[in-house]
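Down below is the structure, laid out as structure tokens.
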Amino acid sequence: MKIKKYSFWTLVLAVLVSCNEKTENTSGENNEAQLVIDSLKNVYAPDGRVALFDFEAKKEADRFNIEGETNMPEAAEDLEKTLNQKGIKYTANIKTLPDAEGLEHQTMGVIKISVANLREEPRHAAQLVTQTTLGMPVKVYKKEGSWYYIQTPDGYLAWVDYGGIQNMTKEEFSDWKSKEKLIYLNPYGKSLKSAKNDAGVVSDLVAGDILELTAETGNFYEIVYPDGRTAFVPKSDAKPYKTWLADLDVDGEELVMTGEKLMGLPYLWGGTSPKGVDCSGFTKTVYFLNGMVIPRDASQQVHTGVLVDSTRNFENLVAGDLLFFGKPATDSTKERVIHVGMWIGDHKFIHSMGDVHISTMDTTATDFDEYNYNRYLRTKRILNEKDKGLQYLKEEDIFTR
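Read the sequence shown against UniProt numbering and you will find it ends at 401, with the numbers running on by one and no gaps.
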């Protein structure tokens, strides 16, 4: 074993630094204010992916200086109320989002490109955490440079750059919602400059894109983008949104058919669209194209619906059920859900792992997926289940009113 040797002054400096950290004590047990913050964060934002409660308390003389922000006004009120009840002296710079003035009151937005990449931080080099598609309404909380901090209908918080969003005031957004809509249904396609098959391209489109529908011209729909661009879409590629909703009669087989249309799609960390999907992005996309908005991540999806199996008794499963994989809890560690797939029947499931493909749980099959079999945790059924984490487009006014 190698033992490092330190000089006398190095040891003195280390002691002084550690003493200085103790004096500040911004996160230790004597920081009463931080303890209050941490306690309320567990109440209001146990999952930071869908709720913002970001505060820090620093001791300054005889009081704490508290700075931070939240997108929940009730949480900000509760923070100050609790601090006052406990007799904690503090000065506060508490921001409640949205920052209406900084956004010029454009606190709503609609995605204006076929697929927008949403990132963990306001820069293109930051991790891709999710995607959202054309026509998706979002809440806009603040702006940093050319980036906007937004929240999607499934509650996910992330950053989108200016090229992906059409910012709107509440009045403008209400007007947009009042317009007739069209949903694009082909996995991939394009809109055109005129009602001709050989016309120039306005933009690409993917399944799930929502556009304003203004007219019908022969075999084409005339549509308007959130930013005002006009275009034409072949009728064979899309449907009026309300007609599509009315025609939805979803069962497991419909979910399987949708999933199989995405066969071979490459795995993309953070992807939730026909341009690339991660495992939960795949299941989310399949369900969205069948009229349901489900949580973004596998570790969130697992908390919805009803339990079907946890013992590898796959006879109980039906098409459309979600299988979850990962590491079970131990005496010292929590359960980790890190993968999800969708049951299609005949001991098979479809999932995104490398690409979208079908695997089998049949232990006698030559292509038996032993790896996922061994890390299987449980199966949940979410289709037609009522759960606060599940939204049905027939019941929600996400795109229309």
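Heads up, the beta-carbon is just placed ideally off N, CA and C, and yes, glycines get one too.
Under the rule that 16 or more other beta-carbon atoms within 10 Å means buried, what is K386, buried or exposed?
Looking up residue 386 in the sequence shown gives position 386. The residue is exposed, with fewer than 16 neighbouring Cβ atoms inside 10 Å.
With a Cβ-Cβ cutoff of 8 Å, do I210 and L134 count as a contact?
Along the sequence shown, read from residue 1 onward, the residue named residue 210 stands at position 210. Along the sequence shown, read from residue 1 onward, the residue named residue 134 stands at position 134. Their beta carbons are under 8 Å apart, which means I210 touches L134 by this criterion.
Could you check which residue in P226, I338, A238, A207 has the C-alpha nearest to that of N219?
In the sequence shown, counting from the first residue as 1, residue 219 sits at position 219. Nearest option by C-alpha distance: A238.
Hey, how far is the Cα of I382 from the Cα of I88?
As a first step, residue 382 is located in the sequence shown; it is residue number 382 there, counting from the start. As a first step, residue 88 is located in the sequence shown; it is residue number 88 there, counting from the start. Looking at the two C-alpha atoms, the distance is approximately 46 Å.
Pick out the complete alpha helix (DSSP H) segments inside the region 167-200, 4 residues or longer, and give them in chain order.
170-177
Under 8 Å, with one C-beta from each stretch per pair, do the region 194-205 and the region 106-120 reach the 3-pair mark?
yes
I think I165 touches G109, with their Cβ atoms under 8 Å apart; what is that distance to the nearest whole Å?
Start at 1 with the first residue of the sequence shown, and residue 165 comes out as number 165. Start at 1 with the first residue of the sequence shown, and residue 109 comes out as number 109. Confirmed, Cβ separation roughly 4 Å.
My output table needs one value for Q127: the three-state DSSP class, helix, strand or coil.
Here residue 127 is taken as the residue at index 127 of the sequence shown, counted from 1. Coil at Q127, not helix or strand.
Between K170, P226, P234, E212, which lies nearest to S194 when the distance is taken from Cα to Cα?
As a first step, residue 194 is located in the sequence shown; it is residue number 194 there, counting from the start. For S194, the nearest C-alpha among the options comes from P234.
At a Cβ threshold of 8 Å, is Y44 touching chain B?
Here chain B cannot be found, since the structure has a single protein chain.
Rounded straight-line distance, which links the Cα of G228 to that of residue 405
With the chain covering only 1 through 401, there is no way to say anything about residue 405.
In chain order, what residues of the same chain lie with their CB nearer than 6 Å to the CB of I344, ignoring the 5 residues before and after it?
For the purposes of this step, residue 344 is identified with residue 344 of the sequence shown, where counting begins at 1. The answer, listed in chain order, is V256, A319, I350.
Give the DSSP bridge partners of residue 402, in chain order.
Residue 402 lies beyond the residue range present for the chain, which begins at 1 and ends at 401; the question has no answer from this structure.
So, helix, strand or coil for M72, using DSSP?
In the sequence shown, residue 72 corresponds to position 72, counting from 1. The answer is coil: DSSP assigns M72 none of H, G, I, E or B.
6 Å CB neighbourhood of Y162 in its chain, flanking five on each side removed
The residue labelled residue 162 in the question sits at position 162 within the sequence shown. S146.
Using a Cβ-Cβ cutoff of less than 7 Å, which residues in the same chain neighbour P295 once the five nearest sequence positions on both sides are dropped?
As a working mapping, residue 295 is identified with position 295 in the sequence shown. Contacts found: D154, Q301, T304, G389.
Closest residue to E335 among F325, E120, G341 (Cα-Cα distance)
Within the sequence shown, residue 335 is the residue found at index 335, counting from 1. Looking at the Cα atoms, F325 is the closest of the given residues.
Quick check on the DSSP output: what are the complete beta strand (DSSP E) runs of length 3 or more inside the region 300-375, in order along the chain?
306-309, 322-327, 336-345, 348-353, 355-360
Anticipated Cβ contact below 8 Å, A57 with I37, distance rounded:
Residue mapping note: residue 57 aligns to position 57 of the sequence shown, counting from 1. Residue mapping note: residue 37 aligns to position 37 of the sequence shown, counting from 1. Their Cβ separation, rounded to whole angstroms, is 6 Å, which keeps A57 and I37 in contact under 8 Å.
For T283, which of helix, strand or coil comes out of DSSP?
Along the sequence shown, read from residue 1 onward, the residue named residue 283 stands at position 283. If DSSP states are grouped into helix, strand and coil, T283 belongs with the helices.
Please say whether Q131 and S273 have beta carbons closer to each other than 8 Å?
Reading the sequence shown from its first residue, position 273 is the one you call residue 273. Reading the sequence shown from its first residue, position 131 is the one you call residue 131. Contact flag set, yes.
Inter-residue Cα distance where the pair is E67 and N93:
Sequence index remark: in the sequence shown, residue 67 carries index 67 (1-based). Sequence index remark: in the sequence shown, residue 93 carries index 93 (1-based). Going from the Cα of E67 to the Cα of N93 covers about 5 Å.
Alpha carbon of D249 to alpha carbon of L323, nearest angstrom:
Against the sequence shown, residue 249 aligns to sequence position 249. Against the sequence shown, residue 323 aligns to sequence position 323. So the two alpha carbons sit approximately 23 Å from each other.
State the start and end residues of the unbroken alpha helix (DSSP H) segment that holds A57.
Your numbering for residue 57 matches position 57 in the sequence shown. Where A57 is concerned, there is no enclosing alpha helix (DSSP H), although the beta strand (DSSP E) it sits in stretches over 53-60.
Tell me the rounded alpha-carbon separation between E396 and Y376.
By one-based count along the sequence shown, residue 396 stands at place 396. By one-based count along the sequence shown, residue 376 stands at place 376. Cα to Cα, E396 sits roughly 33 Å from Y376.
Residues near residue 433 by beta carbon distance below 7 Å, same chain, minus five either side
No answer is possible for residue 433: the residues shown for the chain start at 1 and end at 401.
Mind reading off the beta-carbon distance from L268 to V356? Whole number of angstroms is fine, and I expect it under 8 Å.
In the sequence shown, counting from the first residue as 1, residue 268 sits at position 268. In the sequence shown, counting from the first residue as 1, residue 356 sits at position 356. Not quite, the Cβ-Cβ distance comes to about 11 Å (not below 8 Å), so this is no contact.
Taking a contact to mean a Cβ-Cβ separation below 8 Å, would you say T214 touches F232 in this structure?
Reading the sequence shown from its first residue, position 214 is the one you call residue 214. Reading the sequence shown from its first residue, position 232 is the one you call residue 232. No, Cβ-Cβ distance for T214 and F232 is not below 8 Å.
Straight-line CA distance for K179 to P122?
As a first step, residue 179 is located in the sequence shown; it is residue number 179 there, counting from the start. As a first step, residue 122 is located in the sequence shown; it is residue number 122 there, counting from the start. Computed Cα separation, rounded: 32 Å.
Any idea what DSSP makes of F288, helix, strand or coil?
Within the sequence shown, residue 288 is the residue found at index 288, counting from 1. Of the three classes helix, strand and coil, the one that applies to F288 here is helix, per DSSP.
From the DSSP output, which residues share a beta bridge with E212?
Working through the sequence shown from its first residue, we reach residue 212 at position 212. Its beta-bridge partners are K181, V224.
Please name the residue in L289, K348, A158 whose C-alpha comes closest to that of N313.
As a working note, residue 313 is residue 313 in the sequence shown. If we check each option's Cα against that of N313, K348 comes out closest.
Three or more C-beta pairs under 8 Å: does that hold for the region 275-289 against the region 362-381?
no
Quick test of your reading: D78 and L40, contact by CB under 8 Å. State the CB separation rounded to the nearest angstrom.
Taking the sequence shown and counting its residues from 1, the one referred to as residue 78 is at position 78. Taking the sequence shown and counting its residues from 1, the one referred to as residue 40 is at position 40. Confirmed, Cβ separation roughly 6 Å.
Using the Cβ count rule (16 or more neighbours within 10 Å means buried), how would you classify H339?
In the sequence shown, counting from the first residue as 1, residue 339 sits at position 339. That one is buried.
Answer with buried or exposed for V337, where buried requires no fewer than 16 other C-beta atoms within 10 angstroms of its C-beta.
Against the sequence shown, residue 337 aligns to sequence position 337. Buried, since its Cβ has 16 or more Cβ neighbours within 10 Å.
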